[in-house]
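Undergrad:
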Amino acid sequence: MKKCKAFIIGGSAGSLEVLLKVLPAIDPELSFPIVIVIHRKHGVDSLLPGLLSSRTKMAVKEADEKELMVPGTIYIAPSDYHLLIEMDGTFSLDYSEKVNYSRPAIDVTFQTAAEAYKEDLVCLLLSGSNADGVNGLLSVKHWGGIAVIQDPETAQVAYMPEQAQKNVHIDRVLRIEEMATFINLLS
Amino acid sequence: MEIAAVNDDQVEILLSDLLEQYGYDFTGYSKASLKRRINRLYSLDKSLSFAEFRYKVNNDPIYFKRFVEQITVNVTEMFRDPEFFKTLREEVLPQLGTYPFIRIWLAGCSTGEEAYSISIVLKELNLLHKSLIYATDLNPTVLEKAAQGMFALGQMKQYSENYITAGGKRDFSSYYTANYSLAKFDEELKSKIIFSTHNLVSDHSFNEFQLILCRNVLIYFDRDLQNKVLELFNDSLEDLGYLALGTKETIEFSDIHKHYKRLPGNKIWRKQR
Chain E
-19 MKKCKAFIIG
-9 GSAGSLEVLL
1 KVLPAIDPEL
11 SFPIVIVIHR
21 KHGVDSLLPG
31 LLSSRTKMAV
41 KEADEKELMV
51 PGTIYIAPSD
61 YHLLIEMDGT
71 FSLDYSEKVN
81 YSRPAIDVTF
91 QTAAEAYKED
101 LVCLLLSGSN
111 ADGVNGLLSV
121 KHWGGIAVIQ
131 DPETAQVAYM
141 PEQAQKNVHI
151 DRVLRIEEMA
161 TFINLLS
Chain F
15 MEIAAVNDDQ
25 VEILLSDLLE
35 QYGYDFTGYS
45 KASLKRRINR
55 LYSLDKSLSF
65 AEFRYKVNND
75 PIYFKRFVEQ
85 ITVNVTEMFR
95 DPEFFKTLRE
105 EVLPQLGTYP
115 FIRIWLAGCS
125 TGEEAYSISI
135 VLKELNLLHK
145 SLIYATDLNP
155 TVLEKAAQGM
165 FALGQMKQYS
175 ENYITAGGKR
185 DFSSYYTANY
195 SLAKFDEELK
205 SKIIFSTHNL
215 VSDHSFNEFQ
225 LILCRNVLIY
235 FDRDLQNKVL
245 ELFNDSLEDL
255 GYLALGTKET
265 IEFSDIHKHY
275 KRLPGNKIWR
285 KQR
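Chains as they are written, first to last, in the numbering used here: chain E, -19 to 167; chain F, 15 to 287.
1) Under 6 Å Cβ to Cβ from Ile18 (chain E), same chain only, skipping five residues before and after it: list those, please.
2) Using 10 angstroms around the beta-carbon of Gly108 (chain E), count the other beta-carbons present and answer buried if the total reaches 16, otherwise exposed.
3) Going by C-alpha distance, which of F:Ser124, F:Asn72 and F:Lys204 is nearest Val231 (chain F)?
4) Candidates F:Ile85, F:Pro96, F:Asn248 and F:Asn153: which alpha carbon is nearest Gln224 (chain F)'s?
5) Starting from Thr86 (chain F), trace the alpha helix (DSSP H) both ways and give me its first and last residue.
6) Mapping DSSP to helix, strand and coil, what is Gln286 (chain F)?
7) With a threshold of 7 Å on Cβ separation, who are the neighbours of Lys(-17) (chain E) within its own chain once the five nearest residues in sequence on each side are excluded?
8) Establish whether the CB of Asn230 (chain F) and some CB of chain E are separated by less than 8 Å.
9) Let me know the secondary structure DSSP gives Tyr190 (chain F) once reduced to three states.
10) With burial defined as no fewer than 16 other Cβ atoms inside 10 Å of the residue's Cβ, what is the status of Asp238 (chain F): buried or exposed?
11) Whose CA, out of F:Val87, F:Ile132, F:Ile118 and F:Lys100, lies closest to the CA of Ser76 (chain E)?
12) Just verifying my parser: in three-state terms, what is the DSSP assignment at Ser133 (chain F)?
13) Are the beta-carbon atoms belonging to Val88 (chain E) and Lys121 (chain E) less than 8 Å from one another?
14) Taking Ala8 (chain F) as the reference, give the member of F:Gln286, F:Ser133 and F:Leu141 with the closest Cα.
15) Please tell me whether Lys46 (chain E) has its Cβ less than 8 Å away from any Cβ of chain F.
16) Can you tell me which of the three DSSP states Tyr234 (chain F) falls into?
17) Under 8 Å Cβ to Cβ from Pro114 (chain F), same chain only, skipping five residues before and after it: list those, please.
18) Classify Gln35 (chain F) as buried or exposed, calling it buried when 16 or more other Cβ atoms lie within 10 Å of its own Cβ.
19) Under the DSSP definition of a beta bridge, which residues are partnered with Met164 (chain F)?
20) List, in chain order, every chain E residue whose beta-carbon is nearer than 8 Å to that of Ser131 (chain F).
21) List the endpoints of the continuous beta strand (DSSP E) containing Ile18 (chain E).
22) Note down, in chain order, each residue of its chain lying with its Cβ closer than 7 Å to the Cβ of Met15 (chain F), except the 5 sequence neighbours on either side.
23) Could you tell me which whole alpha helix (DSSP H) segments of length 4 or greater appear in the region 56 to 124 of chain E?
24) Does any residue of chain F have a CB that is nearer than 8 Å to the CB of Thr53 (chain E)?
25) Only counting the same chain, and skipping five residues up and downstream in sequence, which positions put a Cβ closer than 8 Å to that of Arg51 (chain F)?
26) Excluding the 5 residues preceding and the 5 following Asn164 (chain E) in the sequence, name in chain order all residues of the same chain whose CB lies nearer than 6 Å to its CB.
27) Along the alpha helix (DSSP H) that carries Gly(-9) (chain E), what are the first and last residues, could you check?
28) Is Ser195 (chain F) near Leu167 (chain F), with beta carbons less than 8 Å apart?
29) Assuming Ser47 (chain F) and Leu64 (chain E) form a contact by the criterion Cβ under 8 Å, report the distance between their Cβ atoms to the nearest whole angstrom.
30) According to DSSP, Cys228 (chain F) sits in a beta bridge with which residue or residues?
31) List, in chain order, every chain E residue whose beta-carbon is nearer than 9 Å to that of Arg276 (chain F).
32) Counting only beta-carbon atoms, is Lys159 (chain F) nearer than 8 Å to chain E?
33) Mind pulling the chain F residues with CB within less than 9 Å of Thr89 (chain E)?
34) Would you check if the region 48 to 68 of chain E and the region 90 to 98 of chain E touch, i.e. whether three or more CB-CB distances between them fall below 8 Å?
35) Give the interface partners of Glu77 (chain E) over in chain F, defined as CB-CB distance under 7 Å, in chain order.
36) Go through its chain and collect everything with a Cβ distance to Ile208 (chain F)'s Cβ below 8 Å, but skip five positions before and after it.
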């Protein structure tokens, strides 16, 4: 990897707690943006940016369509839309069929980001109870990016990172307390 | 789909084929979504090579129809975003009800769920008899389905919940009859809907409306095309008419926005005189 240009986090059941623990320790002057895709029930989304921004000095916002990602900002995938990354680093939204019973689907964001950022991308897959994100991590590896997972032993629901471990050549397995340092060192 | 089989250059080739062969212009669509849809279809149909895939699109009219249907997103539901329909019911439509005649354009109506939802609200407000809904889509196949007024019975529980959240007071099941796995909606609801093809990219304004709805269509367009389509809506909307967009869409970036005032808390703008 030359330089991390985007860091994308995907998670499902049990991932919010991880984010709440990790965010406060992340350097707010990060040289790249963070994009968060987590599964949640439709309609309760508006709470999430507020909840996360209470844990960090970084700007936290829902991703808008055609918005250009800028460093030092945390973008959250809006509920009930897939979040795609264009080759020019802008977001697109898509209301197509659910993928892995999910919208937003982690796979969709990982896959499109993988092509847009190639070896300058790092994706982290957290706790969760389905296999969303696994195909996405395969794409990330195919395009030369870095695939990272939460250590399944530390995950509230181990299935998602476990599936990734089984199917993808994972670069790093991180315990919760190691995550912030890992992210800060990419900067 | 794991690794994209159809690459960016090949997507461009297909887009220029569509334009030259059929006059369909997808070049202003957001690329990531379009590419994903094309690759999805490619693997869904177990295509053997790009050459074969391209040949079918170009030479098989039935496959071409399928191609257009599949690369555009046709996911929709009745009373989707109930809060939006609540505002339509309580604010927008009663306002328009003071007019002798209400013309509504639903652009990108897909399989028609939203058209029937609007029709239900108009009926309950006792405005249906003096309304006309022009429901358009670029895709003739989805319009045929829309005109049938039949939707999966399994969806009705969700739609009924949406309807109630949107301020509906009646028994939702009174609007359809169950027929095997389908719910067939009353003919009366369809009587004031005109389903017709219209391509936002290439077709012009065809009437003046008091309400234009185009929800979750602009997200698939790039900024230039969004601008162009918003100009088209502006040209097709009467003064004091309403423009309604999807939850994550806006007119703020466009030149037309200075003529509009937003209804607080909603993705609805009213054209100023």
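We put the beta carbon where it would ideally sit given N, CA and C, even for glycine.
Bear in mind the structure is a predicted one, so any value in this text is a computation, not a measurement.
TA: With the given structure in hand:
1) In the first sequence, the residue the question calls residue 18 (chain E) occupies position 38. The answer, listed in chain order, is Gly(-9) and Ser(-5).
2) To locate residue 108 (chain E), count along the first sequence from 1; it is residue 128. With 16 or more Cβ atoms within 10 Å of its Cβ, Gly108 (chain E) is classed as buried.
3) As a first step, residue 231 (chain F) must be located in the second sequence, where it is residue number 217. Considering only alpha carbons, the answer is F:Ser124.
4) As a working note, residue 224 (chain F) is residue 210 in the second sequence. Gln224 (chain F) has its Cα closest to that of F:Asn248, out of F:Ile85, F:Pro96, F:Asn248 and F:Asn153.
5) As a working note, residue 86 (chain F) is residue 72 in the second sequence. For Thr86 (chain F), no alpha helix (DSSP H) segment is defined, and its DSSP state is neither H nor E.
6) As a first step, residue 286 (chain F) is located in the second sequence; it is residue number 272 there, counting from the start. Gln286 (chain F): coil per DSSP, three-state reduction.
7) For the purposes of this step, residue -17 (chain E) is identified with residue 3 of the first sequence, where counting begins at 1. Excluding sequence neighbours, Lys(-17) (chain E) sits near Asp100.
8) Within the second sequence, residue 230 (chain F) is the residue found at index 216, counting from 1. Under the 8 Å criterion on CB atoms, Asn230 (chain F) is classed as interfacial with respect to chain E.
9) Mapped onto the second sequence, residue 190 (chain F) falls at position 176. Look at Tyr190 (chain F) here: in three-state DSSP terms it is strand.
10) Within the second sequence, residue 238 (chain F) is the residue found at index 224, counting from 1. Asp238 (chain F) is exposed by the Cβ-count criterion.
11) Translated into positions along the first sequence, residue 76 (chain E) becomes position 96. When each option's Cα is compared against that of Ser76 (chain E), the closest is F:Val87.
12) Numbered from its first residue, the second sequence carries residue 133 (chain F) at position 119. It is helical.
13) As a first step, residue 88 (chain E) must be located in the first sequence, where it is residue number 108. As a first step, residue 121 (chain E) must be located in the first sequence, where it is residue number 141. No, they are not a contact pair.
14) Summary: the structure shown does not reach residue 8 (chain F), with chain F confined to residues 15 through 287, and so no result is reported for it.
15) Residue 46 (chain E) sits at position 66 when you count from the first residue of the first sequence. Answer yes: the Cβ-Cβ gap between Lys46 (chain E) and chain F drops below 8 Å somewhere.
16) Locating residue 234 (chain F) in the second sequence gives position 220, where the first residue counts as 1. The answer is helix: DSSP assigns Tyr234 (chain F) an H, G or I state.
17) The residue given as residue 114 (chain F) occupies position 100 in the second sequence. Taken in chain order, the residues that qualify are Lys144.
18) The residue given as residue 35 (chain F) occupies position 21 in the second sequence. That one is exposed.
19) One-based indexing of the second sequence puts residue 164 (chain F) at position 150. Note: Met164 (chain F) sits in a beta bridge opposite F:Lys198.
20) Position 117 of the second sequence holds residue 131 (chain F). Simply none; closest approach about 16 Å.
21) Position 38 of the first sequence, counted from the start, is the residue given in the question as residue 18 (chain E). Here the beta strand (DSSP E) through Ile18 (chain E) covers Ile14 to Ile18.
22) In the second sequence, residue 15 (chain F) corresponds to position 1, counting from 1. Model confidence at Met15 (chain F) stands at a pLDDT of 48, short of 50, so the residue's coordinates are unreliable and nothing is read from them.
23) 86 to 97 and 114 to 122
24) Translated into positions along the first sequence, residue 53 (chain E) becomes position 73. Chain F, which has no Cβ nearer than 8 Å to the Cβ of Thr53 (chain E), makes this no.
25) To locate residue 51 (chain F), count along the second sequence from 1; it is residue 37. Excluding positions up to five away in sequence, the list reads Gln84, Ile85, Thr86 and Val87.
26) In the first sequence, counting from the first residue as 1, residue 164 (chain E) sits at position 184. Within the same chain, Asn164 (chain E) has close Cβ partners Asp7.
27) In the first sequence, residue -9 (chain E) corresponds to position 11, counting from 1. Per DSSP, Gly(-9) (chain E) belongs to no alpha helix (DSSP H); it is in the beta strand (DSSP E), Ala(-14) to Gly(-9).
28) In the second sequence, residue 195 (chain F) corresponds to position 181, counting from 1. In the second sequence, residue 167 (chain F) corresponds to position 153, counting from 1. Yes.
29) Looking up residue 47 (chain F) in the second sequence gives position 33. Looking up residue 64 (chain E) in the first sequence gives position 84. Between Leu64 (chain E) and Ser47 (chain F) the Cβ distance is about 6 Å, and since that is below 8 Å, they are a contact.
30) Here residue 228 (chain F) refers to the residue found at position 214 when the second sequence is read from its first residue. BP columns for Cys228 (chain F) point to F:Leu259.
31) If you number the second sequence from 1, residue 276 (chain F) lands on position 262. In chain order: nothing, as chain E lies at least about 16 Å away.
32) Residue 159 (chain F) sits at position 145 when you count from the first residue of the second sequence. Chain E places no beta carbon closer than 8 Å to that of Lys159 (chain F), leaving this residue out of the contacts.
33) Taking the first residue of the first sequence as position 1, residue 89 (chain E) is located at position 109. Ordered by position in chain F, no residue passes the 9 Å Cβ test against Thr89 (chain E), which lies about 10 Å from the chain.
34) A contact exists between the region 90 to 98 of chain E and the region 48 to 68 of chain E.
35) Here residue 77 (chain E) is taken as the residue at index 97 of the first sequence, counted from 1. Those within 7 Å of Glu77 (chain E) in chain F are Val89.
36) Looking up residue 208 (chain F) in the second sequence gives position 194. Answer for Ile208 (chain F): Leu146, Ile147, Tyr148 and Ala149, listed in chain order.
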